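A.B. asks: There's a structure below that I have some questions on.
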Amino acid sequence: MTTVPASPLPRFPHDFLWGVSTSAQQIEGAVDEDGRGPSAWDVFTARPGRVKDGSDARVATGHYHRYREDVALLKGLGVGAYRFSVAWPRVVPAGRGAVNGAGLDFYDRLVDELLAAGVRPVATLFHWDTPQPLEEAGGWLRRETAEHFAAYAEVVAARLGDRVAHWITLNEPAELTLLGYGLGQHAPGRELVFDALPAAHHQLLGHGLAVQALRARGARSIGIANSHGPTWPASATDADTAAAGLYDLLLNRLFADPVLLGRYPDEELAALLPGPVADDLKVISEPLDWYGINYYQPTLVGAPDPAATGPADFGGIALPPELPFAPREIEGYPRTDFGWPVVPGALTELLLSFRERYGASLPPVMITENGCAYEGIEDGARIAFLDGHLRALHEAMDAGVDVRGYFVWSLLDNFEWAEGYARRFGLVHVDFSTLVRTPKASYRWLRDALRDQARG
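With the sequence shown counted from 1, adding 3 to any position gets you the working numbering.
Put into structure tokens, the structure is as follows:
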């Protein structure tokens with residue numbers, strides 16, 4: 004039975020941008036059609052044991068062939084914008100060099116379909132699907148990948164820039180660095196721990212170079228989608244406070260400070276990074292029109308247990324014992340089917356902390372992802388999650404944080420990376436055997452909430 008919140012949402016500004024988000028690797032399928040090259044994720048999922056249910060994204064939700072149906076769902080939902088990602092290997096199969104015209108044609112059709120439906124296109128240039136030839140050459144550990152990314156950005160902007168309203172350079176470089184290069188839980192499956200730091204720097208450099216390429220093509224609304232959440236010390240002890248501070252530095256400030264302040268948060272850390280870092284930071288901090296935040300949960304962190312002899316487990320991720328911090332389980336809150344704590348107030352806390360930390364250097368904010376994994380089509384728990392987080396967002400706005408938009412993750416149930424198809428984040432249920440789409444109760448709730456907002 005669906006639980007409907009007792010009162011309507013508070014009023015958001017009339018020009019507030021409401022949207023939903025997806026990514027190419029997770030929904031498109033058609034991985035070997037029309038000239039698309041392999042991605043690092045295609046190769047990663049082919050290795051036994053890498054994806055929990057043994058699945059891959061060869062079909063995913065079939066969006067490549069069913070995009071018109073999905074745009075109709077967007078129109079029915081009543082959102083003003085759709086955040087999708089362009090698959091780098093679909094447009095430039097080798098990551099550099101020859102451009103695949105058929106790949107660009109697909110995004111041409113998608114953008115035109117969106118505009119015809121009255122939905123504003125928001126294009127993400129990179130959502131983790133590094134072309135495999137570049138990955139084999141070192142991927143984001145190499146500076147050249149940032150340069151190839153900028154060239155690819157120019158190609159996409161040249162084709163779509165006359166119609167795409169908003170651009171996002173990168174999605175969650177922290178996760179690719181940590182899970183892909185540091186711990187090996189995501190593609191490309193490297194286990195470099197702190198030797199993964201060059202991947203962070205080169206992604207940020209690629210971001211800055213892509214901003215320059217987009218500006219050269221006339222783009223006027225550019226952001227990045229970084230993942231952030233409050234870091235809570237497990238106790239007030241010096242050891243736990245120091246461990247939480249280091250975790251916060253690596254997962255939050257390492258990716259925000261260079262973009263917003265033009266510097267790394269720690270000089271010793273900056274000294275570990277490759278290349279002419281000072282010159283690179285001038286590129287990385289190219290001015291943005293807005294700053295995207297993906298928020299899911301806070302993290303409780305303490306000092307590592309000195310008695311531990313093997314890897315710690317955190318949310319199903321094995322953490323090496325040499326890490327100088329240890330995430331802990333947060334108790335006292337409801338949990339999603341992914342096991343993540345549901346803490347709407349932490350979104351308010353996060354936004355207020357960003358305003359305090361960055362001040363005038365913080366441009367307007369977009370919440371570029373926020374969502375939850377729950378089973379079922381009558382998904383009252385998802386409704387409660389969205390309702391709570393939107394109220395928390397409004398509280399931050401009332402306190403003076405300039406937030407211009409909110410995007411739900413996600414439109415569709417999809418391929419959820421190393422979890423395979425076991426976690427459902429969609430407002431729309433997908434039967435993965437037939438690809439039939441069925442709007443959930445949360446879809447209907449959000450549709451009605453947006454109609455109420457539009458009535459003013």
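Each residue gets a CB set at the ideal place from its N, CA and C atoms; glycine is no exception.
A quick note: this is a predicted structure, and the numbers were derived from the prediction, not measured.
Identify the continuous beta strand (DSSP E) that holds T305 and give its terminal residues.
C.D. replies: Correcting the residue identity first, residue 305 is Gly in this sequence and not Thr. Its beta strand (DSSP E) spans residues 302–305.
A.B. asks: Within its chain, find whatever has a CB closer than 6 Å to the CB of G98; leave out the 5 residues flanking it on each side and keep chain order.
C.D. replies: Answer for G98: P134, P136, L137, H151, listed in chain order.
A.B. asks: Check whether the segment 357–375 and the segment 295–308 are in contact - that is, three or more C-beta pairs closer than 8 Å.
C.D. replies: Yes: at least three Cβ pairs fall under 8 Å.
A.B. asks: Is it true that the segment 26–39 meets the segment 85–92, where meeting means three or more beta-carbon pairs spaced less than 8 Å apart?
C.D. replies: yes
A.B. asks: Touch check for the segment 171–180 and the segment 115–124: three-plus C-beta pairs under 8 Å?
C.D. replies: No, because fewer than three Cβ pairs between the segment 171–180 and the segment 115–124 fall closer than 8 Å, the two stretches do not touch.
A.B. asks: In chain order, which beta strand (DSSP E) runs of at least 3 residues are fully inside the segment 52–127?
C.D. replies: 84–88
A.B. asks: Taking only the alpha-carbon atoms, compute the straight-line gap between G301 and G104 and give it to the nearest angstrom.
C.D. replies: Per the sequence shown, residue 301 should be read as Pro rather than Gly. Distance between the alpha carbons of P301 and G104 is about 42 Å.
A.B. asks: So, are the CB atoms of T234 and A245 less than 8 Å apart?
C.D. replies: no
A.B. asks: Give the range of the alpha helix (DSSP H) segment to which L389 is assigned.
C.D. replies: Segment 383–401, the alpha helix (DSSP H) holding L389.
A.B. asks: What residue range is occupied by the uninterrupted beta strand (DSSP E) comprising P236?
C.D. replies: Here the beta strand (DSSP E) through P236 covers 234–236.
A.B. asks: Closer than 8 Å is the cut-off here; do at least three beta carbon pairs connect the segment 344–364 with the segment 392–399?
C.D. replies: yes
A.B. asks: Cβ atoms of W293 and G226: under 8 Å apart, would you say?
C.D. replies: Yes, the Cβ-Cβ distance between G226 and W293 is below 8 Å.
A.B. asks: Please list the terminal residues of the continuous alpha helix (DSSP H) segment that includes S230.
C.D. replies: That residue, S230, is in no alpha helix (DSSP H); its beta strand (DSSP E) goes 225–230.
A.B. asks: Just to confirm my understanding: we take L355, look at its own chain, exclude 5 residues before and 5 after, and list those with CB closer than 7 Å. What are they?
C.D. replies: A399, A402, V404
A.B. asks: For D108, which of H68, R50, D241 has the nearest alpha-carbon?
C.D. replies: H68
A.B. asks: Leaving aside the five residues before and after P41 along the sequence, list all residues of the same chain whose C-beta is less than 6 Å from its C-beta, in chain order.
C.D. replies: Here P41 has Q135 as same chain residues with Cβ atoms under 6 Å from its own Cβ, once five neighbours each way along the sequence are excluded.
A.B. asks: When the Cα atoms are used, what is the spatial distance from A457 to L76?
C.D. replies: 18 Å
A.B. asks: Report, in whole angstroms, the separation of the C-beta atoms of Y409 and F418, which I expect to be a contact under 8 Å.
C.D. replies: Taking a contact as a CB-CB distance under 8 Å, the pair Y409 and F418 does not count as one, their CB atoms being some 24 Å apart.
A.B. asks: According to DSSP, is A321 part of a helix, a strand, or is it coil?
C.D. replies: It is a strand residue.
A.B. asks: In three-state DSSP terms, what is W170?
C.D. replies: strand
A.B. asks: Taking contact to mean at least 3 C-beta pairs separated by less than 8 Å, is the segment 198–213 in contact with the segment 140–154?
C.D. replies: Yes: at least three Cβ pairs fall under 8 Å.
A.B. asks: What three-state label does DSSP hand S288 in the structure shown?
C.D. replies: coil
A.B. asks: In three-state terms, what does DSSP make of F341?
C.D. replies: coil
A.B. asks: Is it the case that the Cβ atoms of D416 and V433 are separated by a distance below 8 Å?
C.D. replies: yes
A.B. asks: Considering T2, what are the terminal residues of the alpha helix (DSSP H) in which it resides?
C.D. replies: Because the chain here runs from 4 to 459, residue 2 falls outside it and cannot be looked at.
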